Amino acid sequence: MNNETMSPVEPCVPDDPADGWFGESVAATYDAPGGANAPEPAAAAVDVLEDLAGGGRVLEFAVGTGRIAAPLAARGVPVCGIELSKAMAARIEGKTGGASVDVTIGDMTSTRVPGEFSLVYLVFNTISNVTTQDGQVDVFVNAAAHLRPGGLFLIEVGLPDLRRLPPGQDIVPFAVSPAGEGAG
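Each residue of the sequence shown is one higher than the last, beginning at 1 in UniProt numbering.
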């Protein structure tokens, strides 16, 4: 398909621009059973984070609906979170352990939470929501500013399998149709 035959694509607009890209329509289905964001796959992450916390306070960047923070808090780990979306954060309190998660609404690149933490974490490819290198560096700087001496910053991100690319190719073009269907 060439550019002359492509129909214009309507820009994707959040429910409420003040709430970021994760407004009510996303928050309502984010933890749907069986999906990638369902609570079941989070259990292993919670085990690792509890161990790394070493009994200290933890801070989750992009805490979302609390699918990691709430179960961690339910185990007695003191948890704070930073979340851009009010709609996502509103769902935390309804989860087991969620009432004890202290959430600050703001951007993980710059929002500060009082105190020091033994662990700051950012899981499930969420760093990819920060779309500039400078912004991603700001996330690391902000994490470092929250850590106590000897504290840890854990970031989880998937890496593409570059071995699947033909020799000399380092990208895979991807297009999204007006109907939201992708093709690579």
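Positions of the beta carbon are idealized from the N, C-alpha and C atoms, including for glycine. Note that the structure is a prediction, hence the values are computed from the model and not measured.
Problem - Span of the alpha helix (DSSP H) around Phe140 - result: Unbroken alpha helix (DSSP H) run through Phe140: Gln133 to His146.
Practice task
Please determine if the segment 126-134 and the segment 91-101 are in contact, where contact requires at least 3 C-beta pairs separated by less than 8 Å.
Solution key: No, the segment 126-134 is not in contact with the segment 91-101.
Problem - Best match in Gly106, Lys95 and Leu72 for proximity to Leu84 [C-alpha to C-alpha] - result: Ranked by Cα distance from Leu84, the options Gly106, Lys95 and Leu72 are led by Gly106.
Practice task
Work out the CA separation of Ser118 and Pro149 for me, nearest whole Å.
Solution key: Their backbone Cα atoms lie some 8 Å apart in a straight line.
Practice task
Report the option in Gly81, Lys95 and Phe140 whose CA atom is closest to the CA atom of Val113.
Solution key: Residue Gly81 holds the alpha-carbon nearest to the alpha-carbon of Val113 among Gly81, Lys95 and Phe140.
Practice task
Give the range of the beta strand (DSSP E) segment to which residue 196 is assigned.
Solution key: The question about residue 196 has no answer here: the residues shown for the chain are numbered 1 through 184.
Practice task
Would you kindly check if the distance between the Cβ of Leu147 and the Cβ of Leu52 is under 8 Å?
Solution key: Their beta carbons are not under 8 Å apart, which means Leu52 does not touch Leu147 by this criterion.
Exercise for the section: Return the chain-ordered ranges of every alpha helix (DSSP H) run that is complete within the segment 48-78 and spans a minimum of 4 residues. Expected result: Listed in chain order, they are 69-74.
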